[in-house]
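Using my numbering, you'd call the opening residue of the sequence shown number 46 and step up by one each time.
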Amino acid sequence: MAENSEYIDFADPNFKLLVIEELMYNQRVLSPMFELQEFLAANVERELDFAGGIYEPIPEVLEHFHKLPIPRELADKVEELYQDGGNKVYMAITPQWDGEDDTFVITDFSDTQHFPNLQSLTLFGVDEATLEALRSKGLEADLL
46 MAENSEYIDF
56 ADPNFKLLVI
66 EELMYNQRVL
76 SPMFELQEFL
86 AANVERELDF
96 AGGIYEPIPE
106 VLEHFHKLPI
116 PRELADKVEE
126 LYQDGGNKVY
136 MAITPQWDGE
146 DDTFVITDFS
156 DTQHFPNLQS
166 LTLFGVDEAT
176 LEALRSKGLE
186 ADLL
């Protein structure tokens, strides 16, 4: 999408998930609110074994979030991003994710450019050099 598009074009899908966490689940300004059971009933024909555990991303849910348009007009609302293994967006994608792998690690932070009011990030799975690079942009950046 072009930069002047009404939607943000993300370079890193995992950064986008973190923005969805903030806008949909924390601020509740991105709607409709995602409800896993409703989504599965409407979009997934196979049975999922929740009792046995779902430790890998549900492809249809992951695709839903990757395709979800984030209106550019909401970018100013993002001031803080907090990445935690228990984030609701991660639990929707992988209900029993234990946070012990790199499934949701962000590798490209160029998306910070879209969020002029972003002040702080709390992250997992990044090294000190990445944190320092973010700090050099004037952001507060810490490990979880």
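A virtual CB, placed ideally from N, CA and C, is assigned to each residue, including glycine.
For D57, the three-state secondary structure derived from DSSP is coil. Between the region 134 to 141 and the region 89 to 109, the count of Cβ pairs shorter than 8 Å is three or higher; the stretches touch. In this structure, A178 places its C-beta atom within 9 Å of the C-beta atom of F154. DSSP assignment within the region 83 to 141 yields the following whole beta strand (DSSP E) runs of 3 residues or more, N-terminal first: 125 to 127.
Burial state of L166 is buried, judged by a 10 Å Cβ sphere holding 16 or more other Cβ atoms. About 13 Å separates the CB atoms of I65 and H159; that is not less than 8 Å, and the two are not in contact. Between the alpha carbons of L189 and S181 lies a distance of about 19 Å. Residue pairing from DSSP places E185 in a beta bridge opposite S165.
Between N88 and E105, the alpha-carbon positions lie close to 8 Å from each other. Taking C-beta separations shorter than 8 Å and ignoring five residues to either side along the sequence, the partners of Y100 in its chain run T139, Q141, W142 and D143, following chain order. Between N132 and L63, the C-beta gap is smaller than 9 Å, which places the two residues in contact. Cβ neighbours of D129 within its own chain (closer than 7 Å, five residues either side excluded): L189.
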